[in-house]
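> My structure is below; once you've seen it, I'll send some questions.
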Amino acid sequence: GAVVSQHPSRVICKSGTSVKIECRSLDFQATTMFWYRQFPKKSLMLMATSNEGSKATYEQGVEKDKFLINHASLTLSTLTVTSAHPEDSSFYICSARDGAGHYNEQFFGPGTRLTVL
Amino acid sequence: AQSVAQPEDQVNVAEGNPLTVKCTYSVSGNPYLFWYVQYPNRGLQFLLKYITGDNLVKGSYGFEAEFNKSQTSFHLKKPSALVSDSALYFCAVSHHGSSNTGKLIFGQGTTLQVKP
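Protein chains in written order, with this note's numbering: chain A, 1 to 117; chain B, 1001 to 1116.
Okay, structure coming up:
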């Protein structure tokens, strides 16, 4: 149980294009999802908290107009990197917290490797 | 402010030897504590958590961790390391209470290298 998927697993795009990453909870309802960014051999940086049916809460320093988050259902959140640039290249990981929210445990997706040329 | 520290960037251990990956935390009130493992180009896998009760927590793949409130530590241990344990390990803390946001605060990660 508690499986989270991400799609795509890897994407390469040209500078200036937009890329959408999907995060799905497969066997539970996720009222809250989190989006992280990870640089090589570095810790996870929380970008935003996504709550179903409401606006995402962004961490300080994260541009909300560049990283658009939509949490339209209890099993799906999307992150859209708009007008991507090479500096946006990174490993993006989502996590989901189930509706019961027991002990704040999060279940993580496998990650999406974004490369912007 | 909540924080987590993993003082070692890398831990090297020989296969079959015991391993310890250190973690200390700072949080107001009672913490929820977690350990996750990450293999290359993969997401994080849950290992174990401390919520309340027995200070020694047993988790996946033979790992365990000991919650020490006086030292604000939650070190990850395993009696006998395997080469396949080589990975990046993250300690994380969450606050529970009226200001609970559900966020996890992660340490900077420790690379465990187990050599044959």
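For every residue, glycine included, the Cβ atom is placed at its ideal position computed from N, Cα and C.
How many angstroms separate the CA atom of E105/A from the CA atom of D65/A?
Rounded to the nearest angstrom, the two C-alpha atoms are 29 Å apart.
> Is there at least one Cβ from chain B nearer than 8 Å to I69/A's Cβ?
With 8 Å as the cut-off, I69/A does not count as an interface residue toward chain B.
> For E22/A, which three-state DSSP category applies?
DSSP places E22/A in strand when its eight states are reduced to three.
> Helix, strand or coil for Y1039/B, going by three-state DSSP, please let me know.
Coil, per DSSP.
> Once you ignore the five residues that flank K1077/B on each side, which residues in its own chain have a CB closer than 6 Å to its CB?
Contacts found: T1020, E1064.
> Under 8 Å, Cβ to Cβ, is there at least one residue of chain B near T155/A?
Absent from the structure is residue 155/A, since the part of chain A shown begins at 1 and ends at 117.
> Output the distance between the C-alpha atoms of D1009/B and V3/A, rounded to the nearest integer angstrom.
So the alpha carbons of these two residues sit roughly 29 Å apart.
> So which of S18/A, L114/A, P110/A, T75/A has the shortest CA-CA distance to E52/A?
Taking only the C-alpha atoms, the option nearest E52/A is T75/A.
> Please list the partners that I21/A has in chain B, where partner means a Cβ-to-Cβ separation under 8 Å.
The contacting residues do not exist; I21/A stays about 13 Å from chain B at best.
> Can you tell me whether DSSP reads D98/A as helix, strand or coil?
In the structure shown, D98/A sits in a strand (DSSP, three-state: E or B).
> Using a C-beta cutoff of 8 Å, does N1041/B count as contacting chain A?
Yes - at least one Cβ of chain A is within 8 Å of the one on N1041/B.
> My understanding is that G1043/B touches P8/A, with C-beta atoms under 8 Å, so please give their C-beta distance in whole angstroms.
Their Cβ separation, rounded to whole angstroms, is 14 Å, which puts G1043/B and P8/A out of contact at 8 Å.
> Using a Cβ-Cβ cut-off of 7 Å (strictly less than) and excluding sequence neighbours within five positions of V1114/B, which residues of its own chain qualify?
Within the same chain, V1114/B has close Cβ partners V1013, E1015, A1081, L1082, V1083, D1085, S1086.
> Just to confirm, are L68/A and T49/A a CB contact at a threshold of 8 Å?
The answer is no: Cβ separation not under 8 Å.
> So the beta strand (DSSP E) H7/A belongs to, where does it begin and stop?
Residues 4 to 7.
> Along chain B, which residues have their Cβ under 8 Å away from the Cβ of S43/A?
Going along chain B in sequence order, the residues near S43/A (Cβ under 8 Å) are F1090, F1106, G1107, Q1108, G1109.
> Which of the three DSSP states is assigned to P1031/B in this structure?
P1031/B: strand per DSSP, three-state reduction.
> When you compare the CB positions of G1046/B and Y1036/B, do they come within less than 8 Å of one another, or not?
Here residue 1046/B turns out to be Phe, not Gly, going by the sequence shown. In contact: F1046/B and Y1036/B (Cβ atoms closer than 8 Å).
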